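J.: Counting in the working numbering, the sequence shown runs from 44 upward without gaps.
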Amino acid sequence: MATSKIQIDNAIAKDDIEEFRPSPPPSSSGFRKAVYLSSLVAAIGGFLCGYDTGAVSGILTMEPFTDRFFTEDNLSYLEGLLLAFFLMTAALGAFFSGFFCDRLSRKYSIVAASGVFTIGILFEVIGANFGLLVAGRLVAGLGAGLMTNGIPLYHSEIAPPDIRGRLISLFTLMSTFGQVAGYFVTFGTSYLPTDWSWRAPWLLQLILCVLFGASMLAMPFSPRWLIDQGRHDEARQVLVSLRNGDDVQAEYDEIVSELEFERSLGKRTYAELFQRTNRSRLGMASFIAIATSFTGVVAIWYYAPQIFMTAGLTDVSSSIAATGGTGILSLVAAAVSLQWCIDQFGRKTLFLWGAAIMGIAMFIVGAMFQAYTYVNVDTGEVVLHNTNARNTILVFIYIFTAAYASTWGLATYVYPAEVFNMRTRAKGLAIVYGFNWAFSILITYCVPLFLASSVSGVYFFFGACCIVSFGGVCFLPETKGKSLEEMEYVFGAK
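This is the structure we're talking about:
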């Protein structure tokens, strides 16, 4: 019986109508270069977010910047506060992004996010005083939060099942590429003795952000969003441009069937995210988002130059260059995993291997700091007095970085974007990525204070979190190779 003709009595509980779901749809393997181009252009937003991370980590070590905005007494406090402001509004933007993605479309919400991001970066470039700098970080964070939901959501809805993991992972790959670019741009400008040492990296980001927003206007809408809005002819045209003709009708029918069923459930609300199978999906996706923050990668992203300086690379330019090395390694590891691992081995396997390797690396780094450092009573600085220990720390920070980039760095954005249905996807991802940003605030603000009191304790803590994450991942179902509509069967909504 066609789903569109099913009449569901209003008295029947929503949780008891799974029997009306359509049978599992056929998979689609056809795709065209257009889907790669659309995904790549959208992923430039990831580049901008990653660039911001890399650039800020370098800017925070530049004397012209620190002398202008900080003093020795408030340096650690204001550094953490400046980063926390960005993450705070990013979390806010992520939480509200579901509304904009549903109302404006995935495409236009990304364009709007780029506009907000541009305004924030403009304030940072001007940087007349600390207040304007804070305003810039707040506005830029809002734009970044909107992007981190809209882009993976857009990727998930235009991609065919067999390469969906690869296309969603483009966001992470481009983010990593952006970090590398940010590290090396700031490395180059760090030799400038003027305020342009920190203004120039943000000016470049401003130009790229404007170009990104303009480019997104030429990209297609999500076909699922178009069908959901009743724009069926446009949806067919988009599917034809993104797929091989043999699969278009089957995929179109599959999407229509699922959306008709979802409409029969009534008005969409956030409350339904907490009903039965939706609740389990939200819990699993939120676990991944929160666990990612507690792997320790946020500390590496923002404080890598300071960490390398603590490990013995006392020259600012050398520490930034070493940080750039982590970025290059991350980029290579992510590219290899995107091509040969994410869609071949699956998301769960990558999560497990990544958590294990990262946990071991963090424990070893912590042990080296614990055994071979002392505090200089005159300066209060932590001094590493063993060359072999320093080299070991550097090696395992690189191992941690490669492990994260090739596993959690990719799968963290793929898994949550896959598990929700069309009815709850935008709202569910808004909550999930909001959690990710919110817990990143906690980590980012606390790390400099934690490093000042116990360097080794930071790494032992993150190592323990990785082990806990390993245990939690064991309970996640695998999602690779399934269409977004088939996730209803993966998660028990027949």
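Note that the Cβ used here is the ideal one computed from N, Cα and C, for glycine as well. As the structure is a prediction and not an experimental result, all values here were calculated from the model.
1) What residue ranges within the stretch 366-443 form continuous alpha helix (DSSP H) runs of no fewer than 4 residues, ordered along the chain?
2) Does DSSP put Asn172 in a helix, in a strand, or in coil?
3) Using a Cβ-Cβ cutoff of less than 6 Å, which residues in the same chain neighbour Ala85 once the five nearest sequence positions on both sides are dropped?
4) CB Val408 to CB Tyr502, shorter than 8 Å?
5) Please report the distance separating the alpha-carbon of Phe139 from that of Ala460.
6) Return the chain-ordered list of same chain residues with a C-beta closer than 6 Å to the C-beta of Phe412, the five sequence neighbours on each side being excluded.
7) Taking 8 Å as the threshold (C-beta atoms), are Arg207 and Met465 in contact?
8) Thinking just about the alpha-carbon of each residue, which of Arg279, Val341, Gly524, Leu372 is nearest to the one in Val438?
9) Three-state secondary structure (DSSP) at Leu316?
10) Could you tell me if Ile250 is buried or exposed, where buried requires 16 or more neighbouring beta carbons within 10 angstroms of its beta carbon?
11) Exposed or buried, what is Pro236 when buried is set at 16 or more other beta-carbons lying within 10 Å of its beta-carbon?
12) With contact counted as at least three CB pairs below 8 Å, one residue from each stretch, are the stretch 515-534 and the stretch 294-303 in contact?
13) Between Glu200 and Met401, what straight-line distance do the alpha-carbon atoms span, to the nearest angstrom?
14) Between Ala473 and Ile484, what straight-line distance do the alpha-carbon atoms span, to the nearest angstrom?
15) Are the beta-carbon atoms belonging to Met259 and Ser336 less than 8 Å from one another?
16) Tell me the DSSP secondary structure of Asp52 in three-state form.
17) Among the residues of its own chain, which have a CB less than 6 Å from the CB of Tyr476, if the five just before and after it don't count?
18) Under a Cβ-count criterion, where at least 16 other Cβ atoms within 10 Å of its own Cβ denotes burial, should Tyr313 be classed as buried or exposed?
19) Using the rule of at least 16 other Cβ atoms within 10 Å of the residue's Cβ for burial, across every protein chain shown, is Trp239 buried or exposed?
20) Decide if the stretch 447-459 is in contact with the stretch 378-395; the criterion is three or more beta carbon pairs, one per stretch, under 8 Å apart.
21) At which residue ranges does the stretch 78-161 contain complete beta strand (DSSP E) runs of 3 or more residues, listed in the order of the chain?
22) Enumerate in chain order the residues of its own chain whose CB-to-CB distance from Met105 is below 6 Å, with the five nearest sequence positions on each side excluded.
23) Exposed or buried, Pro255, counting other C-beta atoms within 10 Å across all chains shown (16 or more means buried)?
24) Using only alpha-carbon positions, find the residue among Glu521, Asn479, Cys517 that is nearest to Leu135.
25) Could you tell me the distance, in whole angstroms, from the CA atom of Gly93 to the CA atom of Val182?
26) Taking just the CA atoms, how far does Gly163 sit from Ala243?
27) Is Arg180 closer than 8 Å to Leu125 when the C-beta atoms are compared?
28) On the DSSP letters alone, give me the boundaries of the alpha helix (DSSP H) that Gly470 sits inside.
29) Could you give the C-beta distance for Ala202 and Ser82, rounded to a whole number, given that I count them as a contact under 8 Å?
30) Please report how far the alpha carbon of Phe129 lies from the alpha carbon of Gln292, in whole angstroms.
31) Tell me whether Cys508 sits in a helix, a strand or coil according to DSSP, three-state version.
32) Would you give the residue range spanned by the alpha helix (DSSP H) that Leu519 belongs to?
T.: Working from what's here:
1) 390-415
2) Coil at Asn172, not helix or strand.
3) Only Ile194, Tyr197 meet the Cβ criterion.
4) yes
5) 16 Å
6) Val498, Ser499
7) no
8) Leu372
9) It is helical.
10) Exposure of Ile250 is indicated by the presence of fewer than 16 other C-beta atoms within 10 angstroms of its C-beta.
11) exposed
12) yes
13) Their backbone Cα atoms lie some 31 Å apart in a straight line.
14) 16 Å
15) no
16) Legend: pLDDT at Asp52 = 39, less than 50; position of this residue unreliable, value from coordinates given subsequently. Secondary structure of Asp52 (DSSP, three-state): coil.
17) In its chain, beyond the 5 residues on either side, Ala137, Thr191, Asn192 have a beta carbon closer than 6 Å to the beta carbon of Tyr476.
18) exposed
19) exposed
20) yes
21) none
22) Ser233, Ser240, Trp241
23) Sequence check: residue 255 is Phe here, not Pro. Under this definition Phe255 is a buried residue.
24) Distance check between Leu135 and each of Glu521, Asn479, Cys517 places Asn479 closest, using alpha-carbon atoms only.
25) 16 Å
26) Approximately 15 Å, taken between the alpha carbons.
27) yes
28) Before going on, a small fix: residue 470 reads as Lys here, not Gly. Note, Lys470: alpha helix (DSSP H), 468-496.
29) 7 Å
30) 44 Å
31) helix
32) Counting along the chain, Leu519 falls outside any alpha helix (DSSP H), and DSSP gives it neither H nor E.
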